[in-house]
Amino acid sequence: MDIWRSDRTGLLLVLGWLLSAGAWTAAAQNSCVDCHSVLDPPLKVSAEQHAVDIHTQKGLTCVSCHGGDPEAMDESSMSKAKGFRGKITRKDIPNLCGSCHSDTAYMRQHNPSLRTDQLSQYRTSIHGKRLAMGDTKVAVCVDCHGVHGIRAASDTLSSIHPLKIANTCSRCHADAAYMKQYKIPTDQFAGYSASVHHEAMTVRGDLSAPTCSSCHGNHGAAPPGISAVEAVCSTCHVVQAGLFDKSPHKKAFAESALPGCITCHSNHRVLRPNDSWVGRGDESTCVSCHVEGDKGFSVAMELRKRLAALELAITNSDATLKAAEQSGMEVSEVKLEQDQARDALTKARVTLHSVQLGLVDEDINAGMKVAAKTQVASTAALKERDFRRFGLGLSLIAILAMVIGLRLTITMIEKNGNR
Amino acid sequence: MENKDCGCPRRENPDFLDSGLLPAGSPGTPFASTRRRLIEILLGSGFLASIASFLYPVARYLVPPAVSDLGSDEVIAAKVGDLKPNSGKIFKFGSRPGLLLLNAEGEYKALAGTCTHLSCTVQYRGDLQQVWCACHNGIYGQDGRNISGPPPRPLESFQVVVRGQEIVVRRTMRA
Amino acid sequence: MKLIRSIYEWLDERLDLGELSAPLRHKTVPVHYHSVWYYLGGITLFLFGVQVVTGILLLLYYRPGVNEAFESVQYIVTRVQFGWLIRSIHSWAANLMVFTAFIHMFSVLFLRAYRRPREMTWVSGMLLLFLTMGFGFSGYLLPWNELAYFATQVGTDIVGQVPVIGHPLMVFLRGGEDVSGATLSRFFGFHVAVLPGITVALLAIHLFLIQRQGISVPPGMEAAANALAYLRKHDPAAAELWLQRAGFPEQRSMKFFPNFFLRELMAWYVALGVLGALAALFPWELGTKADPFAPAPAGIKPEWYFMFMFQTLKLIPAKVGPIDGELLGIGLFGVAGGIWLLLPFLNLQGKGRRSQLVMGLGIFALTYMIAMTIYGYLAK
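Line by line, the protein sequences are chains V, G and H.
Going by the numbering used here, the first sequence opens with residue 1, and the numbers climb by one from there.
Going by the numbering used here, the second sequence opens with residue 420, and the numbers climb by one from there.
Going by the numbering used here, the third sequence opens with residue 595, and the numbers climb by one from there.
Below, the structure written as structure tokens:
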């Protein structure tokens with residue numbers, strides 16, 4: 001009857017005291033999040049954001065950047081005396097972040113493999129240079145990485161995950177009103193979104209495909225110079241770049257101050273190339289420089305003719321192959337060989353970057369040989385099909401003879417009174 | 420069935436049979452036996468021809484073809500001596516190409532022959548001693564691992580067994 | 595002819611074939627307006643024979659097993675001499691056999707041949723029909739192509755829906771919870787050993803019964819023939835008068851051997867010709883190898899002889915009152931099948947409402963099956 005003396009009550013009391021003590025302690029350590037999680041934006045920092053932030057997970061707190069006293073429960077937590085820095089001005093952000101991230105010895109304690117040259121790179125970038133001149137509209141660390149709730153780049157939810165980088169850059173670079181004073185285009189994101197590089201990443205899941213930072217750099221972001229463009233593309237497209245270097249285009253482009261690669265392929269809107277880009281049609285890139293009568297023009301024409309010839313040979317052979325397959329002939333081996341002809345065409349489309357007919361012909365001829373072979377095989381398959389139908393005809397004649405013979409026999413027997 | 424006596428001249432009467440009054444081919448008339456003979460020939464030859472047209476394909480079917488079927492699990496990729504050291508060749512494995520290579524140390528290795536980037540057929544480069552895809556300069560190690568260039572995934576590797584003069588390639592068996 | 599005769603005589607000397615062939619020589623087949631339907635049973639039997647022969651030939655090269663089945667069929671069709679012919683004939687004959695079996699069943703139904711005393715013939719025949727469809731279902735999976743794999747999955751899924759016994763039955767059929775290599779092994783066993791064994795036994799019973807009881811005649815004709823025989827015995831003059839006035843045809847019949855047999859041979863030869871033409875002009879497809887991890891292609895359909903059931907199940911709404919729709923469908927088909935099997939025992943013969951009910955049901959069933967099959971193919 002006496003509740004103060006029962007064991008259950010005692011246990012509950014002890015538990016309750018422990019919990020409140022714990023809550024008290026926790027609260028005592030995080031008065032910043034306690035208040036700021038219930039304030040309205042822009043002062044709002046939710047407890048969740050705080051929890052997922054990589055800095056929090058490494059043991060840092062609000063105080064590490066903002067100073068102040070996290071144990072005080074009142075306004076004194078934000079007093080200058082306690083070292084409170086308040087909101088960091090945009091101009092100061094890179095230096096603040098760099099105070100840790102450029103300190104190699106310090107970073108080694110938390111993540112030894114992380115680079116520590118971000119700040120020095122940033123200072124060479126367009127963003128860094130303009131910030132030094134006083135332009136606070138440019139990107140600083142928090143614009144790309146987020147400010148509270150920063151995630152590692154490998155985290156798919158991070159704003160700097162490879163799949164997200166283009167979106168992050170486009171927040172400013174696709175905003176025409178924001179970028180008005182800088183007089184640079186704002187169609188890069190739109191172009192990139194339509195490109196094969198974007199498709200490789202989002203559709204085929206190839207995270208090694210290039211995004212903004214792959215060509216422009218991330219911290220040291222700047223457009224490559226005209227002479228540097230080819231070098232940038234050639235980090236992946238080695239073969240094409242090598243062929244281009246051996247071609248007459250290399251010297252010609254340099255002399256006309258034309259960047260390699262993007263003159264024909266575009267920088268952001270890199271689309272899947274088409275054979276019609278070669279030659280003299282409406283979509284041809286050759287005729288932007290070459291005119292009828294000059295050597296380059298005639299080479300362009302020849303190249304187009306060769307590509308078209310091989311494509312036609314493959315198409316024709318494919319058609320015969322399909323006809324054979326649809327009439328029930330098994331042609332899987334021939335189809336496999338046909339893949340080699342298609343490979344040859346792919347290779348020819350690479351070799352043409354040398355604009356040397358001799359080199360391109362090697363691939364074209366190899367392809368033509370295979371296509372001819374498969375054409376012969378498919379035609380043989382069709383002939384075999386016709387032979388089978390002929391055989392069928394013969395057996396049907398035999399069967400017909402038998403049926404007629406039977407019919408006559410029946411008539412004969414029955415007329416004879418079943419003799 | 421009984422023949423009713425209709426009062427007509429008996430059908431056994433030879434004069435009546437030869438008179439031409441009965442339809443040609445009626446039993447007993449001169450043409451009847453010829454007709455019978457013709458029908459017999461037609462039936463016999465039809466029967467033989469039809470049986471032949473059934474038995475011929477079956478007989479051919481029973482003879483095993485020259486190339487024996489080992490299924491998609493293993494295939495004879497080459498004969499010993501086909502490959503020179505530090506060279507490779509493409510062979511058919513199921514419906515996809517495979518790459519058989521004999522490296523400089525004299526070991527046979529077999530990999531899937533389709534590049535994991537955009538499905539071009541790969542080849543062995545003796546100068547690099549690695550597997551190369553000519554389309555976009557993808558490079559794989561001899562174990563199929565993608566080393567450089569665009570390929571996002573390694574090439575599947577197969578088991579190689581030398582049986583006498585034959586080099587047999589099999590899919591790696593997993594328990 | 596002479597050769598055959600001399601062979602016959604040689605054997606007769608030694609085996610007294612006369613005694614053995616007596617029942618065959620005396621067997622007669624009724625001849626009337628509907629006797630053309632009598633050929634269908636024989637054609638189905640012939641097609642079964644074709645299946646056994648081509649099946650054995652295929653067995654020489656086919657290999658069950660997920661890594662070998664598709665490739666061995668591909669091998670047969672591309673490398674083995676005339677393998678394409680044997681395989682295509684086997685596939686086409688399978689479909690034709692199901693078709694003729696159904697027509698045979700319906701013709702027996704409409705000609706009322708299932709009546710007393712032929713109940714056992716009907717039951718054995720219905721079981722043979724189910725076995726034929728089982729042959730089709732199990733054989734379809736053996737090439738291990740994409741369509742077959744998913745059709746088998748859907749089909750066995752439906753079996754699994756049956757209450758109480760459904761799940762264990764499904765696991766038994768599949769050799770596990772999912773369609774896999776175990777299913778292929780099992781279906782192979784069913785197709786080449788279990789089903790043929792049961793079928794041969796049932797066929798023997800079915801044919802023996804027909805031999806013993808003779809071919810049935812439609813009820814009207816049988817009644818008239820019985821009446822005529824009675825009159826002839828008691829009042830021949832009245833019988834003659836009736837024949838003349840009513841113009842009623844005598845019950846004609848022909849000897850089974852050689853008359854009916856030669857005609858049947860003709861029909862079999864024609865069937866063979868049709869099979870050859872189908873195999874050469876419309877060879878059976880190989881398809882793509884089954885990949886259990888790939889998603890099912892859109893619009894998976896079962897083979898045509900299951901289509902009417904499949905389409906019916908698709909049309910039933912998910913829930914009919916408190917009962918699950920698919921369960922209701924399966925239940926209905928189960929009940930229908932049961933009624934069909936036991937038709938002779940339901941005492942529905944004789945003139946009057948009851949026999950007309952059977953006719954009506956038969957016509958309804960036939961029309962329903964045809965309509966649902968067509969619908970199934972037209973629907974997306």
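The beta-carbon is built from N, C-alpha and C at its ideal position, and this holds for glycine as well.
All figures in this text were calculated on a predicted structure; none of them were measured in a lab.
Environment of residue i [buried if 16+ CB atoms lie within 10 Å]
{"i": "residue 534 (chain G)", "result": "buried"}
{"i": "residue 329 (chain V)", "result": "buried"}
{"i": "residue 604 (chain H)", "result": "exposed"}
{"i": "residue 503 (chain G)", "result": "exposed"}
{"i": "residue 574 (chain G)", "result": "buried"}
{"i": "residue 602 (chain H)", "result": "exposed"}
{"i": "residue 1011 (chain H)", "result": "Residue numbering for chain H in the displayed model covers 595 to 974; residue 1011 (chain H) lies beyond these limits and cannot be assessed."}
{"i": "residue 802 (chain H)", "result": "exposed"}
{"i": "residue 962 (chain H)", "result": "exposed"}
{"i": "residue 362 (chain V)", "result": "exposed"}
{"i": "residue 420 (chain G)", "result": "Confidence is the limiting factor: at residue 420 (chain G) the pLDDT is only 39, short of 50, which leaves the residue's position unreliable and the question unanswerable from this model."}
{"i": "residue 110 (chain V)", "result": "exposed"}
{"i": "residue 820 (chain H)", "result": "exposed"}
{"i": "residue 562 (chain G)", "result": "exposed"}
{"i": "residue 594 (chain G)", "result": "Its pLDDT being 46, under 50, residue 594 (chain G) is placed unreliably in this model, and the value from its coordinates should be taken loosely. That one is exposed."}
{"i": "residue 614 (chain H)", "result": "exposed"}
{"i": "residue 882 (chain H)", "result": "exposed"}
{"i": "residue 94 (chain V)", "result": "buried"}
Residue j beta carbon less than 8 Å from that of residue i
{"i": "residue 815 (chain H)", "j": "residue 698 (chain H)", "result": "no"}
{"i": "residue 581 (chain G)", "j": "residue 527 (chain G)", "result": "yes"}
{"i": "residue 744 (chain H)", "j": "residue 789 (chain H)", "result": "no"}
{"i": "residue 280 (chain V)", "j": "residue 327 (chain V)", "result": "no"}
{"i": "residue 492 (chain G)", "j": "residue 662 (chain H)", "result": "yes"}
{"i": "residue 336 (chain V)", "j": "residue 464 (chain G)", "result": "no"}
{"i": "residue 559 (chain G)", "j": "residue 549 (chain G)", "result": "yes"}
{"i": "residue 232 (chain V)", "j": "residue 556 (chain G)", "result": "no"}
{"i": "residue 589 (chain G)", "j": "residue 578 (chain G)", "result": "yes"}
{"i": "residue 40 (chain V)", "j": "residue 148 (chain V)", "result": "no"}
{"i": "residue 160 (chain V)", "j": "residue 144 (chain V)", "result": "yes"}
{"i": "residue 31 (chain V)", "j": "residue 37 (chain V)", "result": "no"}
Of the residues the options, the one placed nearest residue i, counting alpha carbons only
{"i": "residue 505 (chain G)", "options": "G:531, G:514 and G:521", "result": "G:521"}
{"i": "residue 228 (chain V)", "options": "V:254, V:53 and V:349", "result": "V:254"}
{"i": "residue 479 (chain G)", "options": "H:833, H:635 and H:674", "result": "H:674"}
{"i": "residue 456 (chain G)", "options": "H:659, H:600 and H:596", "result": "H:596"}
{"i": "residue 583 (chain G)", "options": "G:500, G:477, G:459 and G:524", "result": "G:500"}
{"i": "residue 89 (chain V)", "options": "V:322, V:136 and V:129", "result": "V:136"}
{"i": "residue 637 (chain H)", "options": "H:869, H:953, H:785 and H:958", "result": "H:869"}
{"i": "residue 33 (chain V)", "options": "V:62, V:58, V:41 and V:42", "result": "V:62"}
{"i": "residue 808 (chain H)", "options": "H:926, H:652, H:707 and H:832", "result": "H:707"}
{"i": "residue 226 (chain V)", "options": "V:237, V:194, V:260 and V:217", "result": "V:260"}
{"i": "residue 196 (chain V)", "options": "V:274, V:128 and V:146", "result": "V:274"}
{"i": "residue 933 (chain H)", "options": "H:888, H:883 and H:951", "result": "H:951"}
Heavy atom of the ligand GTP within 7 Å of residue i beta-carbon
{"i": "residue 865 (chain H)", "result": "Questions concerning the ligand GTP fall outside what the structure shown contains, since it holds no ligand whatsoever."}
Can at least three beta-carbon pairs, one atom from the segment 542-562 of chain G and one from the segment 169-185 of chain V, be found at a separation below 8 Å? no
Going along the segment 531-543 of chain G in order, which residues come within less than 7 Å of chain V, judged by CB to CB distance? Those residues of the segment 531-543 of chain G that come within reach of chain V (Cβ to Cβ, closer than 7 Å) are 539 and 540.
Between the segment 307-326 of chain V and the segment 366-386 of chain V, can you find at least three pairs of beta-carbon atoms closer than 8 Å? yes
With a threshold of 8 Å, are at least 3 pairs of Cβ atoms found where one atom belongs to the segment 673-682 of chain H and the other to the segment 872-888 of chain H? yes
Check distances from the C-beta atoms of the segment 230-252 of chain V to those of chain G and list, in chain order, the residues that come in under 8 Å. 236, 237, 238 and 239
Taking contact to mean 3 or more Cβ pairs, one atom from each stretch, closer than 8 Å, check whether the segment 400-407 of chain V and the segment 858-869 of chain H are in contact. yes
Count Cβ pairs between the segment 709-716 of chain H and the segment 928-939 of chain H that sit closer than 8 Å; are there 3 or more? yes
Taking any Cβ of chain V, which residues in the segment 872-891 of chain H have a Cβ under 9 Å from it, in chain order? Within the segment 872-891 of chain H, the qualifying residues are 873, 874, 875, 876, 877, 878, 879 and 880.
Quick check: the segment 760-777 of chain H against the segment 807-814 of chain H, are at least 3 beta-carbon pairs closer than 8 Å? no
Flag this pair as touching only if the segment 845-855 of chain H and the segment 297-306 of chain V have three or more C-beta atom pairs under 8 Å; answer yes or no. no
State whether the segment 347-363 of chain V contacts the segment 688-703 of chain H, with contact taken as three or more CB pairs (one from each stretch) at a distance under 8 Å. no
Any contact of the segment 644-657 of chain H with the segment 628-636 of chain H, i.e. 3+ C-beta pairs under 8 Å? no
On the three-pair Cβ rule with 8 Å, is the segment 922-932 of chain H touching the segment 895-908 of chain H? yes
Give the residues from the segment 655-687 of chain H that approach chain G closer than 8 Å (Cβ to any Cβ), ordered along the chain. 655, 657, 659, 661, 662, 664, 665, 666, 669, 673, 674, 675, 676, 677, 679 and 680
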